[in-house]
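Asker: Take this structure first; my questions come after.
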Amino acid sequence: MFTNPEQFANATKALFEFQLETFSTLTNRAVQGVEQVVALNMATAKSNVEDSLAAGKAISQAQDAKAAMELAASHVQPGMAGAAAYNQQLGDIIAEIREEFTRAADAHMAEAKSNLSALIYDVTKNVRPGSENAVQIVKTAIDNAFAGYEQVTKATKEAVAAVETQIAKASAVVEQGSTKAAKAARK
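Position 113 of the sequence shown, counted from 1, bears residue number 113 in UniProt numbering, the numbering being contiguous throughout.
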């Protein structure tokens, strides 16, 4: 068992710091993913505005209504292709975030379990008779620290899942708008 309370405090502090490091790593990756999505949205919006301006200019210079409608219809297909490309890039970003998040969480979980096992071993290897209650208190404290780590990991995974859900909803809205525009242009 720890020979003094400072050893226990240092071990508990190290485990807590590890939990904070894991939370920070996972949160940073989630934020980077959001930044990538924002950058993709900005690039897509800029491209759409430029394409719309060019199409509007071409349509306005058409000689008659039939030519204007043909020009409008010809711009629908590239718009749909752009929406498909956007959805593909968005899916790639989400898959990359999920993969990195899972990899980081698994690595941190393995390290935390290893540290926890070593800590429990240290606590229980030299138990003096009559110290069973103290050992149980230490084990409970360690278990609570590890449960806190698992809660942080779970909360971060839920945050990433919430971001993925919002991105999927936004993609569905974009895709639905592209489909409606294509149908309207065909008429």
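Glycine included, C-beta positions come from ideal geometry on N, C-alpha and C.
Just to confirm before moving on: does the CB-CB distance between Leu90 and Ile167 stay below 8 angstroms?
Answerer: Sequence index remark: in the sequence shown, residue 90 carries index 90 (1-based). Sequence index remark: in the sequence shown, residue 167 carries index 167 (1-based). Taking 8 angstroms as the Cβ cut-off, Leu90 and Ile167 qualify as a contacting pair.
Asker: What three-state label does DSSP hand Arg128 in the structure shown?
Answerer: Numbered from 1 along the sequence shown, position 128 holds the residue referred to as residue 128. Three-state result, Arg128: coil.
Asker: Measuring CB to CB, does Ala160 end up less than 8 angstroms from Ala30?
Answerer: Along the sequence shown, one-based indexing puts residue 160 at 160. Along the sequence shown, one-based indexing puts residue 30 at 30. Note on residue identity: the sequence assigns Val, not Ala, to residue 160. Going by C-beta atoms, Val160 is nearer than 8 angstroms to Ala30.
Asker: So what's Met1 in DSSP terms, helix, strand or just coil?
Answerer: The residue labelled residue 1 in the question sits at position 1 within the sequence shown. Because Met1 sits at a pLDDT of 45, beneath the cut-off of 50, its placement in the model cannot be relied upon, and the following sentence gives the value as read from the coordinates. Coil.
Asker: Classify residue 196: buried if its beta carbon has 16 or more other beta carbons within 10 angstroms, exposed otherwise.
Answerer: Within the shown structure, residues of the chain are numbered from 1 to 187, placing residue 196 beyond reach of any answer.
Asker: Which of the three DSSP states is assigned to Gln32 in this structure?
Answerer: As a working mapping, residue 32 is identified with position 32 in the sequence shown. Note: Gln32 maps to helix in three-state DSSP.
Asker: Going by other Cβ atoms of all chains shown within 10 Å of its Cβ, with 16 needed for buried, is Lys154 buried or exposed?
Answerer: For the purposes of this step, residue 154 is taken as the residue at position 154 of the sequence shown. Lys154 should be labelled exposed.
Asker: So is Gln136 in contact with chain E if we call contact Cβ pairs under 8 angstroms?
Answerer: Here chain E cannot be found, since the structure has a single protein chain.
Asker: Count the other CB atoms within 10 Å of the CB of Gln19; is the residue buried (16 or more) or exposed (fewer)?
Answerer: In the sequence shown, counting from the first residue as 1, residue 19 sits at position 19. With 16 or more Cβ atoms within 10 Å of its Cβ, Gln19 is classed as buried.
Asker: May I have the straight-line CA-CA distance separating Ala58 from Leu71, to the nearest angstrom?
Answerer: Within the sequence shown, residue 58 is the residue found at index 58, counting from 1. Within the sequence shown, residue 71 is the residue found at index 71, counting from 1. Between Ala58 and Leu71, the C-alpha separation is close to 7 angstroms.
Asker: Quick test of the definition: if touching needs 3 or more C-beta pairs under 8 angstroms, does the region 76-91 touch the region 35-52?
Answerer: Yes, the region 76-91 touches the region 35-52.
Asker: Find the nearest neighbour of Thr102 within the set Glu158, Leu40, Ala172, judged by alpha-carbon distance.
Answerer: Here residue 102 refers to the residue found at position 102 when the sequence shown is read from its first residue. For Thr102, the nearest C-alpha among the options comes from Glu158.
Asker: Using only the alpha-carbon positions, how far apart do Val163 and Ala118 sit?
Answerer: As a working mapping, residue 163 is identified with position 163 in the sequence shown. As a working mapping, residue 118 is identified with position 118 in the sequence shown. Each residue's alpha carbon lies about 36 angstroms from the other.
Asker: Which residue's Cα is closest to the Cα of Ala83: Leu40, Gly33, Ala73, Met109?
Answerer: In the sequence shown, counting from the first residue as 1, residue 83 sits at position 83. Residue Leu40 is the option with its Cα nearest to Ala83.
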